[in-house]
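Undergrad: Note that the numbering used here has the first sequence beginning at 4, numbered continuously upward.
I'd like to ask you about the structure that follows.
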Amino acid sequence: MDSILDGLNSAQRTAVTSPASILQVLAPPGSGKTKTLTARVAYLLSHHDYRPQDVICCTFTIKASREMRERLSKLIGNQLESKLILGTFHSICRRYLVAYGHLIGLKKGFGIADSNDSLAVIKKIIKRLRLGIQANTARFRISSQKAQGIRCEELMVKRSKSSEQEEFVRVYQAYETALSNSNLLDYDDLLLRCADLLQKHPQCVSNVQAVLVDEFQDTNRIQFDLMNLFAARNRRITIVGDPDQSIYGFRSAEIKNLTRMQKLYRDTSVVILENNYRSSGSILSSAEDVIEQDTSRPTKKLHPTHGVGTLPVLRKLSTAAAEAQWLTLEIKRCIALTGNLLKYSDFAVLLRSASLSRQIESEMGKEGIPYRMVGGFRFFDRAEIKILLDYLRAVSHPEDSDTLIRVINVPPRKIGEETVKLLTTGAEEAKMSLWVFVKDVAQGRRSTKKGLSKAAERGLGNFLGLVETSKQKLLECRDDTAPRRLLEFIIRRLSFREFLKTAYPLDEENRWANIEELLAQAGDASNPAASPGGDDHLPGIDGLEQQQGHPGHEALTRFLANIALSTEITSDDSSKEKVTISTIHAAKGLEWPVVFVPAVYDGIIPHSRAEDADEERRLLYVAMTRAQALLYLSFPRRDSKNGDDTAQSSFLPPNIVDNRFRATGPKFHEKAVYGIADILRRPRPAIEEMLKGMSGLPSVEDDRWTADGEEHPGAVPKWDSSRALPPTYECSWAKRRRVDQEDRPKSCTYLASASYTMNNQASFSISNTLSVGFSTARQHMATQESTTSDRASIEEVNGVPNKITATSHIDSGLTQGTISTFFGQIGAKRTASKSPSLVNRQPVKESQDDEYAQINRFQASRDILQPTVPENLSDHRIQPQRWLPSRPTAEPSKPLEYTWLSALPKPEANPPSIASQQKGGNSFENTEMRTEAENDEIKRSQGSLDSIQSAATYHPATMPIIRQAGPTTGRKTLGIRRGMNGWADRMSKANNKNA
DNA sequence: CGTACACCCTTTTTT
DNA sequence: AGGGTGTACG
C-alpha cells in the first residue's frame, strides 16, 4: 500500500500523508507537484477508504487532468481512476449541470459558447443597439464580472454612474438574453450556474469526501466558491499551487485565494516543497533573481538538486529575423556538439504570444528543423473544421440561430444576405426560433413577407432536409459512435470534399487531411481530442434524480463540449522528433532540456498591453523554470515592425544579467556536455560522438553574430544548409575552421578538460569510478547504471552539493499563519541552520562561467590554466548523506512523461478512402437518402480511419517539413502551397512597401 | 439578389 | 489567414 510513498522526499511525504483536513501544498517549479498530488489522491483512497467516485479533483487544463488520470491509473490501478470525478473545473461543472441542471431550471441539452461565439453574439448586439463600445472589451468585462460572481441584474439595480457603464450593462443584459435564447452557456456560466446549483441543492455533492485542486493560484472567485461547495459535506480539501506561477490574472485568477482559504479554514495546514528536481543550479539562480525583483512577494528559496550547470545565455541579435536564424543555428550547434545527447524533441521555444512564432517557424522550415506549434491557433477553429462542427451543433442544438446562419449557405445554396434577413425578421415577428420558422417556411406552413426566390427556396429545402435527416441518423445511433457517424453522414451529403476542391482549389488536400483528422478524433471514443477520459458519469445519490437523455445525443453534446473546452488537441506526435514551439502559458507544468525564450524586450515581456507587470514577470519566471539544462533568452535590438530600437526587458536589469547570463552560446566542451547529461540523467556521450558533430557546423562557437548582435564582420551573409554552399562561403568557412583547429587542437582540447576533471576529483577526493582522459566517458557509461553511488559522484564532479536534507526542517508540516509568516519562518530557520549551502545563490561571476569558463580548453592548451577550485566551491565537503543510496528521485527528468504529446501510441499513417465522392453535377448536395449499402461503406471506412496522422501534423506551417521528411510520411502533397509561400509573399510585399 | 474579387484590418495570454 | 468592406458582374 505504501508503494504510494516510494520515490517521494520527506516534504512530499509529509504533504501526502498529512492528517490535516485542509491542506495547502506550496510547490515551486520542478518540485514534484503533480507527483505529490497524485500520491495524495491515492493515499486518501487507500487510507481513508474513500470511494473514487466520492473524490473530486480539479485541474485547469485538460492536459493536466489527462496526465493525472494516467499517473493515477499506474498508482492505484483497477480502473479505479476512471471513477474519480477528475477534470477541469469547467468540465466537472458541465457534468453536474447535465445531470442536475433541471433543478435550477436549466434547459436540457444546453450547448457551450466558446469565446468566438460569445464575441459574435456581442458584436451583433452592439450593432443592433448601435453602441460605441468595443466588442472585445465588452466580452472581457462581462467575463470578469461573471468570474467575480456579479450578475447583470446586480449591475442593473445599481444606478450606473457613467453612460459608458450604462452602455455596458445593456450589452451584458442583451448578451445574457441572447445566450439563454440559444440555450447556450459560456465558460463563465458553467462555473456560475454550477455554483448556483450546489448552493441551492447541496445534496448533489453530498457524497463527496475529498476535494483536490491543482494550480490553485489560478483559481478565480467562483472557482474558489465551487471548491468550498464541493467540499461542503466533509471539509477535506487539498490544494497545490505556487503564487510565483500565477499567470492567469487576466482571466480573473486571484492569488488572494491562498490567504482567503486560510482565513476561511482556521485549521489550514501548509506544506512547502523546496527541492527542485528539474533545473540546473545556474538556471534556478537566474530565475530566482528575476522573480525576486517583485518585492511584494514573500521570499522563498529553491534548492537545486542538480549541479550548477551551464550558465544561461542572454543573446542580442539585430532583428527578429536574425534572432530566428541564430536560434535555429544554435539548436543545430547544441545537437552537434553534444554528440547525440540531445534530440529535437528536447528543445522548446517559449513565446509570450503565439504570433511571435512566424519568423521562427519559417526559419525552421527553411533549415529543415521539424517542429510543432502548441497554443495559439486552434485546430477546431480552422474554417473547414468549423463548418462541420457547426453542422453538428445545428443538429444537436437548433435553438442556436447564429450557428444556423453560419452554415445555412455553406456550401452555397443561393441563400444570400437578403434571404437570411427575411428569415430572421420573420422569425422575430412570429416570436419563434429561427429554426422553427425556417422549418415552417420550407414546409409551406408559413411564408416570409416577401416571397423567396425559387433558388433560395430550393436551397432552404435542401438545408432543412439535411439537418432533419441528420437528426434522424442521430436518433438511430445510441452510443459513443454518434459524433463520428453523424460527421460521416454530413460529409457525404454535402459532398464536402467536392466543396473543398472548389472553395480551396490550392489547398484541398491539406484541408481534407484535416477533416480526416477530425473524423479520427470523433471516432476514437477512448481518446477523443478533448475527452479527459474516464466515464463522464456522476455517482448516483439517493433521492436525487439525474437527467437522462438519448445516449447518442449525449455523446454528441459531450463531444462538442469537449471541443469547446479544449485548448489544443491531443496528438500522438511523440514518435516524431520535433522542436516544440509554444506559448509560455501553454507550457506551464512542462519541462524541456533546452529552452529558448525569444523576444525578451519591453513591449513583449512585459507586454505593452499588460496591466499587471508582476504577472508578466512571473510569466518570464515560468518560462525560465521550464528549462532543465540549458536556457537561452534572446531579443532583437530593433523592432521588426517599425525598426525602432528595442529595450531589453526591464525584468533583466544589468546587475542580474552580468551575474547570471553570458552573452553568447556556451562552448560545449566535455565538461559542459557531461553536466548536461548528468542533469538529464542520460548516459554521457562518447567523445568521438562529440567530435563527429563538429564537422557539420560552420563554426563550433556561437560567433556568427557578435555579442552585440551584429552580423559578424568575417561571416558570410547567409548560411543555408539546404542549398549548395556558394564558393565564397566555403572559403570563409574553411578559413574559420582552420583557425579553430590551430587554436584548439582536438587532441589538446579534451586532455586539458580531462586534466581539469582530475583536479576536480582530487580536490573533492571522490569517485574512483572515474579515471583520466578519454576513458572517462566510456567507463562512466559502462558503470553508470549499475551503482547508485556513482550517480552521486557525478553530481559532485559538477561541483555542487546535493541538498537532500535541506528541507528536513519543514517535515513537521507547518500549520496556521499566513503564507508570508510561513515563508518567513522557513527563511529564518534556513539561514540559521545551514549557511554553507547557500553557495548556489551567490552570483556566478564570469570567471565561473560554465562552471569554469576560464578553464576552457582554449586556455588550458596554452598552459594558462591554474587548476584552482573556484572560490565558491572551495568549502565543499562531501556530506555523508550524498552517499546514501536512498536519495530521493522525485520528478525524474524524463521530459516526455510531461508532454501531452507523448501520451499515445502512434498508428501508422494510412490514407483512408472515405473519399467516395459522388459526382452530382454542380450541386454539392446529394439529396438522396442513404441506403444500407452506404451504411456498410461507412462502417468499413471506419476501420481505415482509425489510423490517421495527428492533427498537429497538419498545422499549416508544419507542412513544408512534412514534405522534406519525404516518403515516410506517406503524404507528399500536403498543403505546401499554402503553408509558407503565403508568408513569404506577404513578407516581401511588406518589405517592398518599406523600401 | 447573389456572387466573385480586390482591398483593408488585425494577432496577449485561455477555460 | 480570416474577417470585414466595397465594387463590378450575372
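Note that beta-carbon positions come from the ideal geometry of N, C-alpha and C, so glycine has one too.
Could you tell me the distance, in whole angstroms, from the CA atom of Asp228 to the CA atom of Ser498?
TA: Taking the first residue of the first sequence as position 1, residue 228 is located at position 225. Taking the first residue of the first sequence as position 1, residue 498 is located at position 495. One C-alpha to the other measures close to 49 angstroms.
Undergrad: Look at the alpha carbon of Gly543 and the alpha carbon of Leu305, and state the distance between them as a whole number of angstroms.
TA: The residue you call residue 543 lines up with position 540 of the first sequence. The residue you call residue 305 lines up with position 302 of the first sequence. Near 45 angstroms, if we compare the C-alpha coordinates of Leu305 and Gly543.
Undergrad: Which word fits Lys581, buried or exposed, when buried means at least 16 other C-beta atoms lie within 10 angstroms of its C-beta?
TA: Locating residue 581 in the first sequence gives position 578, counting from the first residue. By the 10 Å Cβ count, Lys581 comes out buried.
Undergrad: Which first and last residues belong to the beta strand (DSSP E) in which Gln27 is found?
TA: Translated into the one-based positions of the first sequence, residue 27 becomes position 24. 25-29 is the extent of the beta strand (DSSP E) around Gln27.
Undergrad: Identify which residue in Leu395, Phe383, Asn465 has its Cα closest to the Cα of Asn412.
TA: Position 409 of the first sequence holds residue 412. Of the candidates Leu395, Phe383, Asn465, the one whose C-alpha sits nearest the C-alpha of Asn412 is Asn465.
Undergrad: Within 10 angstroms of its Cβ, does Lys457 collect 16 or more other Cβ (buried), or is it exposed?
TA: Residue mapping note: residue 457 aligns to position 454 of the first sequence, counting from 1. Flag for Lys457 reads exposed.
Undergrad: Rounded to a whole number of angstroms, what is the C-alpha to C-alpha distance between Ala18 and Ser289?
TA: Your numbering for residue 18 matches position 15 in the first sequence. Your numbering for residue 289 matches position 286 in the first sequence. When rounded, the distance between both Cα atoms is 28 angstroms.
Undergrad: Using a Cβ-Cβ cut-off of 7 angstroms (strictly less than) and excluding sequence neighbours within five positions of Ala564, which residues of its own chain qualify?
TA: Translated into positions along the first sequence, residue 564 becomes position 561. So the qualifying residues of the chain are Arg97, Ile115.
Undergrad: Taking Leu134 and Val174 to be in contact with their CB atoms under 8 angstroms, please state how far apart those CB atoms are, rounded to whole angstroms.
TA: One-based indexing of the first sequence puts residue 134 at position 131. One-based indexing of the first sequence puts residue 174 at position 171. Rounded, the Cβ-Cβ distance is 7 angstroms, consistent with contact.
Undergrad: Relative to the C-alpha of Thr667, which candidate in Arg318, Glu519, Arg629 has its C-alpha closest?
TA: For the purposes of this step, residue 667 is taken as residue 664 along the first sequence, with counting starting at 1. Nearest of Arg318, Glu519, Arg629 to Thr667, Cα basis: Arg318.
Undergrad: Quick one: Cα of Tyr190 to Cα of Gln202, how far?
TA: The sequence position of residue 190 within the first sequence is 187, counting from 1. The sequence position of residue 202 within the first sequence is 199, counting from 1. Their Cα atoms are separated by approximately 19 angstroms.
Undergrad: Give me the DSSP bridge partner(s) of Gly552.
TA: Working through the first sequence from its first residue, we reach residue 552 at position 549. Beta-bridge pairing links Gly552 to no other residue.
Undergrad: Kindly list the residues whose CB is nearer than 6 angstroms to the CB of Ser778, restricted to its own chain and excluding five residues on each side of it in sequence; keep chain order.
TA: By 1-based counting over the first sequence, the position of residue 778 is 775. Low local confidence applies: a pLDDT of 25 at Ser778 is under 50, so the model's placement there is unreliable, with the coordinate-based value given in what follows. Excluding sequence neighbours, Ser778 sits near nothing in its chain.
Undergrad: Please classify Arg449: does DSSP put it in a helix, a strand, or coil?
TA: By 1-based counting over the first sequence, the position of residue 449 is 446. Here Arg449 sits in coil by DSSP.
Undergrad: In whole angstroms, give me the CA-to-CA distance for Gln362 and Leu391.
TA: Position 359 of the first sequence, counted from the first residue, corresponds to residue 362. Position 388 of the first sequence, counted from the first residue, corresponds to residue 391. Distance between the alpha carbons of Gln362 and Leu391 is about 31 angstroms.
Undergrad: Ends of the beta strand (DSSP E) at Val999?
TA: Absent from the model: residue 999. The displayed extent of the chain is 4 to 998, so no value can be given.
Undergrad: Arg641 by DSSP, collapsed to three states: which one?
TA: In the first sequence, counting from the first residue as 1, residue 641 sits at position 638. If DSSP states are grouped into helix, strand and coil, Arg641 belongs with the strands.
Undergrad: Select from Leu314, Arg663, Val625 the residue whose C-alpha is nearest the C-alpha of Lys670.
TA: The residue given as residue 670 occupies position 667 in the first sequence. Checked all of Leu314, Arg663, Val625; the closest Cα to Lys670 is Leu314.
Undergrad: From Leu47 to Tyr53, what does the alpha carbon distance come to, in whole angstroms?
TA: For this step, residue 47 is matched to residue 44 along the first sequence. For this step, residue 53 is matched to residue 50 along the first sequence. Going from the Cα of Leu47 to the Cα of Tyr53 covers about 7 angstroms.
Undergrad: Pick out whichever of Val101, Arg487, Ala23 has its Cα sitting closest to the Cα of Asn237.
TA: Counting from one through the first sequence, the residue named residue 237 turns up at place 234. Nearest C-alpha to Asn237: Ala23.
Undergrad: In angstroms with no decimal places, state the Cα-to-Cα distance between Ser360 and Gln551.
TA: Counting from 1 along the first sequence, the entry for residue 360 is found at position 357. Counting from 1 along the first sequence, the entry for residue 551 is found at position 548. If I take the Cα positions, the gap works out to 45 angstroms.
Undergrad: I'd like the span of the alpha helix (DSSP H) that includes Arg173, first residue to last.
TA: What you label residue 173 is simply residue 170 of the first sequence in a count that begins at 1. Looking at the DSSP string, the run of the alpha helix (DSSP H) that includes Arg173 is 166-184.
Undergrad: Would Ala150 and Ser249 be called neighbours here (beta carbons separated by less than 8 angstroms)?
TA: Stepping through the first sequence from its first residue, residue 150 is reached at position 147. Stepping through the first sequence from its first residue, residue 249 is reached at position 246. The answer is no: Cβ separation not under 8 angstroms.
Undergrad: Give the list of continuous beta strand (DSSP E) stretches no shorter than 3 residues that lie fully inside the segment 189-270.
TA: For the segment 189-270, whole beta strand (DSSP E) runs of length 3 or above, ordered along the chain, are 213-216, 240-244.
Undergrad: Which residues in the same chain have their Cβ closer than 6 angstroms to the Cβ of Val600, if we skip the five residues on either side of it in sequence?
TA: Here residue 600 refers to the residue found at position 597 of the first sequence. Within the same chain, Val600 has close Cβ partners Leu353, Ala626, Leu636.
Undergrad: Spell out a yes or no on whether the segment 425-445 and the segment 396-409 are touching, meaning 3 or more CB-CB pairs, one atom from each, closer than 8 angstroms.
TA: Judged by Cβ distances under 8 angstroms, the segment 425-445 makes contact with the segment 396-409, as three or more pairs qualify.
Undergrad: Thinking C-alpha only, which one of Asn186, Gln651, Phe502 is nearest Val388?
TA: Sequence index remark: in the first sequence, residue 388 carries index 385 (1-based). Sequence inspection shows Ile at residue 388; the Val mentioned does not correspond to that position. For Ile388, the nearest C-alpha among the options comes from Phe502.
Undergrad: Would you give the residue range spanned by the beta strand (DSSP E) that Ile79 belongs to?
TA: For the purposes of this step, residue 79 is taken as residue 76 along the first sequence, with counting starting at 1. No beta strand (DSSP E) contains Ile79, which is instead part of the alpha helix (DSSP H) from 65-79.
Undergrad: Is Val600 helix, strand or coil when you go by DSSP?
TA: For the purposes of this step, residue 600 is identified with residue 597 of the first sequence, where counting begins at 1. Of the three classes helix, strand and coil, the one that applies to Val600 here is strand, per DSSP.
Undergrad: Label Pro688 either buried or exposed according to how many other C-beta atoms from any shown protein chain fall within 10 Å of its C-beta, with 16 as the threshold for buried.
TA: Here residue 688 refers to the residue found at position 685 when the first sequence is read from its first residue. Buried, by the Cβ-count rule.
Undergrad: Smallest Cα separation from Leu287: which of Arg196, Leu623, Ala558, Pro639?
TA: Start at 1 with the first residue of the first sequence, and residue 287 comes out as number 284. The residue with the shortest Cα to Cα distance from Leu287 is Leu623.
Undergrad: Got a sec? Which residues, its chain only, sit under 7 angstroms from Ser76 by beta carbon, not counting five neighbours each side?
TA: Numbered from its first residue, the first sequence carries residue 76 at position 73. Same-chain partners within the cutoff: Glu84.
Undergrad: Give the DSSP bridge partners of Thr586, in chain order.
TA: Here the question's residue 586 lines up with position 583 in the first sequence. Leu354.
Undergrad: What residue does the alpha helix (DSSP H) around Leu497 start on, and which one ends it?
TA: Walking along the first sequence from the start, residue 497 turns up at place 494. Leu497 -> alpha helix (DSSP H) spans 485-497.
Undergrad: Alpha carbon to alpha carbon, what distance is there between Asp661 and Gln220?
TA: Translated into the one-based positions of the first sequence, residue 220 becomes position 217. Translated into the one-based positions of the first sequence, residue 661 becomes position 658. Using only the alpha carbons, I get a separation of about 32 angstroms.
Undergrad: Put Cys480 into one of helix, strand or coil per three-state DSSP.
TA: Locating residue 480 in the first sequence gives position 477, counting from the first residue. Note: Cys480 maps to coil in three-state DSSP.
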